[in-house]
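Protein chains in written order, with this note's numbering: chain A, 4 to 474; chain B, 2 to 318.
Single-structure report; data block below.
Okay, structure coming up:
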């Protein structure tokens with residue numbers, strides 16, 4: 004089956020240019036050394052405290068996310084194209100959000116069905132008529148990209164709320180540099196460490212109208228039981244900002260404050276890593292203990308900025324996804340640089356018919372699903388599983404979309420038997436504030452199980468360092 | 002600094018100190034239990050240990066009779082006992098994880114390593130684990146954490162909250178440890194001054210790693226008055242009540258300077274410090290050692306409460 008997939012390192016028996024030095028590297032690394040290095044990497048991860056808890060699975064709460072030392076490489080040319088496409092998409096998505104919480108021009112123009120937006124559970128009525136500072140709803144846009152050939156890149160999904168995983172991008176690089184300094188001398192690899200400084204600047208650039216002086220930025224976390232807590236604390240540390248929980252904040256006099264040992268301190272920008280529903284119990288879920296009562300009022304009156312803005316999720320569900328190329332054309336007057344994966348919407352009768360007829364060839368996903376849960380990978384499923392899923396689709400067609408099973412590219416990976424190709428995807432993190440920034444790199448997720456196409460860490464996926472070679 | 006962060010740091014200090022003191026308590030118990038006690042009218046030494054650590058009720062509810070092995074389990078491994086060494090190390094590490102960014106990597110490393118090793122110890126069969134090995138292990142890791150704090154942490158407010166936790170817990174714990182002696186000896190006052198009495202005081206000093214230090218400071222026979230003076234009033238003794246309270250007051254003074262304002266916490270600490278400064282060992286015995294220690298433990302708890310209200314609750318305006 005290997006030949007059916009695009010192998011990023013090998014073209015038949017020939018090694019592609021950007022991977023040339025990596026071949027020497029692997030040749031000079033006997034199995035014992037590799038195992039030693041792998042153990043060293045694991046010890047480093049554990050020591051730093053990067054662990055990953057999977058919701059609802061129980062077991063070891065300090066489980067490590069598997070780290071594959073074999074790097075994934077992009078050329079400068081490949082990256083430039085990706086960068087253009089990613090920034091373009093991030094701009095279009097934000098323009099769309101400003102529009103649908105304003106006049107809704109794109110809906111009036113009939114380019115996107117209005118019910119997909121106004122009937123969307125992620126559409127936040129509290130945001131109607133409000134334009135966040137600098138017109139930015141989604142400040143960190145994670146765009147998942149898959150590759151199927153030398154020039155073929157597709158966007159698999161957009162993440163406009165609070166995409167996670169960037170700490171892995173930064174930490175895998177740190178660990179690789181520490182373990183294999185020679186690799187970094189021999190290859191000219193673009194650094195990614197500017198990310199945290201760019202993130203801080205991005206957040207500071209969207210300070211609210213009533214902010215005085217240097218903006219105080221905080222990260223709002225649901226707390227240390229959250230599976231991404233490590234990342235929250237890691238980013239707070241790198242940016243030199245406070246990591247707060249809901250009860251650390253309160254609202255008074257039209258402003259937001261944090262409780263400190265010296266009394267209240269004003270907060271200007273909240274990079275929240277909690278869901279909309281938990282932001283403000285007065286506005287959203289009254290039973291939530293995580294949020295800050297009255298926060299939304301302060302936000303709407305320009306006393307504080309929330310990043311990403313509540314309601315940003317309306318742009319990234321899998322039904323709206325199909326229209327992102329339309330957004331690019333409508334708002335930017337450009338052709339999309341990056342294509343979508345062809346998608347059938349089960350809400351449309353003719354699409355549904357097609358999907359049901361080809362179920363065992365397709366990947367079917369829930370419109371609001373994430374993390375690789377609740378999906379059907381047709382070719383990898385038994386007839387009984389396909390049948391069971393058919394019933395789920397029929398019961399609620401609007402809740403599903405389907406895509407062809409993509410021939411995800413592979414990258415060599417260290418596995419028990421040695422080195423073998425494994426399927427990968429890519430999540431770069433685009434920062435949107437006064438300017439749009441993208442560090443050259445991202446998170447490469449790898450499906451470490453042979454033949455598996457599911458790269459989600461909750462489904463046993465691992466991570467790799469992602470290199471962009473300088474010219 | 003966030004009040005919650007200060008609170009987490011404060012409790013890291015308290016839990017680490019408590020873990021260490023529980024190890025020291027276990028050592029006292031093990032040594033006292035080596036004495037022939039039958040027929041001498043002693044209370045069960047192990048029982049007294051539970052009394053002193055404030056865990057007697059919880060133990061009785063779970064195990065009933067104080068059997069040495071069960072007490073070891075309860076004080077070292079039992080997660081139902083919030084003062085067990087395992088509970089303390091786990092919570093110290095959890096607090097450390099929450100405020101990871103307020104710690105240096107060395108401090109985090111020390112906290113995390115202790116926890117990871119604890120989990121390995123817990124997987125070993127109990128029959129392979131000697132009590133002495135466990136208590137020594139605990140004190141070694143407690144020392145590593147303290148050492149990392151001392152050598153790597155910035156001397157800012159966070160350092161003071163950590164230190165405050167350590168000092169207040171130590172004041173409380175030394176008082177409790179001293180109280181063990183009271184519980185062991187209570188029924189037979191005529192043993193005071195005998196060889197057995199001095200053996201028990203020696204054990205206590207040993208558990209506090211203060212046996213040699215005591216001799217350097219006092220010389221001669223070990224007497225109740227000398228030991229009590231050493232552990233309550235002597236400012237040279239690193240674990241005495243006075244040293245602990247003075248240390249806490251210094252940390253509070255640092256905070257007052259750093260923040261440019263005084264709170265009720267400084268007043269409370271100063272009052273306790275002044276009271277100890279005026280105290281004599283005769284007055285302690287006149288009041289009754291146990292009565293004095295009980296009162297002191299309550300005062301320390303009250304001081305902790307004031308610190309909480311002033312800095313850790315987030316209510317300061």
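Virtual Cβ for every residue (Gly too), placed ideally from N, Cα, C.
Roughly how many whole angstroms lie between the Cα atoms of residue 24 (chain A) and residue 432 (chain A)? Approximately 27 Å, taken between the alpha carbons.
Taking only the alpha-carbon atoms, compute the straight-line gap between residue 41 (chain B) and residue 246 (chain A) and give it to the nearest angstrom. Note that residue 41 (chain B) scores 47 on pLDDT, short of 50, meaning its location in the model is unreliable and no value can be drawn from it.
Report yes or no: is there a C-beta of chain A within less than 8 Å of the C-beta of residue 295 (chain B)? No, residue 295 (chain B) lies away from the interface with chain A (no Cβ there is under 8 Å from its Cβ).
Using a Cβ-Cβ cut-off of 8 Å, state whether residue 7 (chain B) counts as contacting chain A. True, the Cβ-Cβ gap to chain A drops below 8 Å.
In terms of DSSP beta bridges, what is residue 143 (chain A) paired with? DSSP output for residue 143 (chain A) lists A:434 as bridge partner(s).
Under the three-state reduction of DSSP, which class applies to residue 426 (chain A): helix, strand or coil? Strand at residue 426 (chain A).
Helix, strand or coil, according to DSSP, for residue 72 (chain A) in the structure here? Strand.
Rounded C-alpha distance that separates residue 34 (chain B) from residue 100 (chain B): Straight-line measurement puts the Cα of residue 100 (chain B) at about 41 Å from the Cα of residue 34 (chain B).
Other residues of its chain near residue 154 (chain B): CB distance less than 8 Å, five sequence neighbours each side excluded: Only 104, 105, 108, 160 and 163 meet the Cβ criterion.
Interface residues of chain D facing residue 4 (chain B) [CB-CB closer than 7 Å]: In the displayed structure, chain D is absent; the protein chains listed are A and B.
From which residue to which residue does the beta strand (DSSP E) around residue 162 (chain A) run? Note, residue 162 (chain A): beta strand (DSSP E), 156 to 162.
Proximity to residue 112 (chain B) [Cα-Cα], best of B:124, B:123 and B:97: Considering only alpha carbons, the answer is B:97.
Beta-carbon within less than 6 Å of residue 115 (chain A)'s beta-carbon, same chain only, minus the 5 sequence neighbours each way: which residues are those? Annotation for residue 115 (chain A): 109 and 326 place their beta carbon closer than 6 Å to its own, counting only its chain and skipping 5 residues before and after.
Starting from residue 7 (chain A) and walking both ways along the alpha helix (DSSP H), at which residues does that stretch end? For residue 7 (chain A), there is no enclosing alpha helix (DSSP H), since its DSSP letter is neither H nor E.
Where do the N-terminal and C-terminal ends of the beta strand (DSSP E) with residue 467 (chain A) fall, by residue? Taken as a continuous stretch (DSSP letters only), the beta strand (DSSP E) holding residue 467 (chain A) covers 464 to 471.
Rounded C-alpha distance that separates residue 10 (chain A) from residue 414 (chain A): Rounded to whole angstroms, residue 10 (chain A) and residue 414 (chain A) show a C-alpha spacing of 6 Å.
Helix, strand or coil: how does DSSP classify residue 268 (chain A) here? For residue 268 (chain A), the three-state secondary structure derived from DSSP is strand.
Taking all protein chains shown into account, decide if residue 228 (chain A) is buried (16 or more other Cβ within 10 angstroms of its Cβ) or exposed. Residue 228 (chain A) should be labelled exposed.
Return yes when the Cβ of residue 344 (chain A) is within less than 8 Å of the Cβ of residue 159 (chain A), no when it is not. Taking 8 Å as the Cβ cut-off, residue 159 (chain A) and residue 344 (chain A) qualify as a contacting pair.
With H, G and I counted as helix, E and B as strand and the rest as coil, what does DSSP make of residue 255 (chain A)? Residue 255 (chain A): strand per DSSP, three-state reduction.
Do you know how far the Cα of residue 87 (chain B) is from the Cα of residue 311 (chain B)? Counting only the Cα atoms, residue 87 (chain B) lies some 30 Å from residue 311 (chain B).
Using alpha carbons as the reference points, say which of A:315, A:410 and A:397 lies closest to residue 166 (chain A). Out of A:315, A:410 and A:397, A:315 has the C-alpha closest to the C-alpha of residue 166 (chain A).
Looking at chain B, is there any beta carbon in it that lies within less than 8 Å of the beta carbon of residue 177 (chain A)? Not closer than 8 Å to any Cβ of chain B, the Cβ of residue 177 (chain A) fails to qualify, so no.
Which residues of the stretch 145 to 166 of chain B have a Cβ closer than 7 Å to any Cβ of chain A? Give them in chain order. Listed in chain order, the positions of the stretch 145 to 166 of chain B with a beta carbon within less than 7 Å of a beta carbon of chain A are 158.
Are the CB atoms of residue 306 (chain B) and residue 246 (chain B) within a distance shorter than 8 Å? Contact: no.
Answer yes or no: does any C-beta atom of chain A fall closer than 8 Å to that of residue 255 (chain B)? Closer than 8 Å: no.
Report the partner residues of residue 415 (chain A) according to the DSSP bridge assignment. Bridge pairing for residue 415 (chain A): A:424 [DSSP].
Run through chain B and tell me which residues come within less than 7 Å of residue 236 (chain A), C-beta to C-beta. By Cβ distance, chain B contributes 101 and 102.
What does residue 247 (chain A) reach in chain B if we use C-beta pairs closer than 9 Å? Within chain B, the residues whose beta carbon sits less than 9 Å from that of residue 247 (chain A) are 3 and 5, listed in sequence order.
For a test of the three-state rule: what should DSSP assign to residue 223 (chain B), helix, strand or coil? Coil, per DSSP.
Measuring alpha carbon to alpha carbon, tell me which of A:101, A:92 and A:152 ends up nearest residue 14 (chain A). That would be A:152, whose Cα lies nearest to the Cα of residue 14 (chain A).
Please identify the residue among A:76, A:140, A:100 and A:21 whose C-alpha is closest to the C-alpha of residue 434 (chain A). Ranking A:76, A:140, A:100 and A:21 by Cα distance to residue 434 (chain A) puts A:140 first.
Can you tell me whether residue 124 (chain A) is buried or exposed, with buried defined as 16 or more other CB within 10 angstroms of its CB? Exposed, since its Cβ has fewer than 16 Cβ neighbours within 10 Å.
Any 3 or more C-beta pairs closer than 8 Å across the stretch 326 to 338 of chain A and the stretch 91 to 101 of chain A: A contact exists between the stretch 326 to 338 of chain A and the stretch 91 to 101 of chain A.
Within 8 Å (strictly less), CB to CB, does residue 1 (chain B) reach chain A? A question about residue 1 (chain B) goes unanswered here, because the residues of chain B that appear run from 2 up to 318.
Rounded to whole angstroms, what is the Cα-Cα separation between residue 68 (chain A) and residue 132 (chain B)? One C-alpha to the other measures close to 36 Å.
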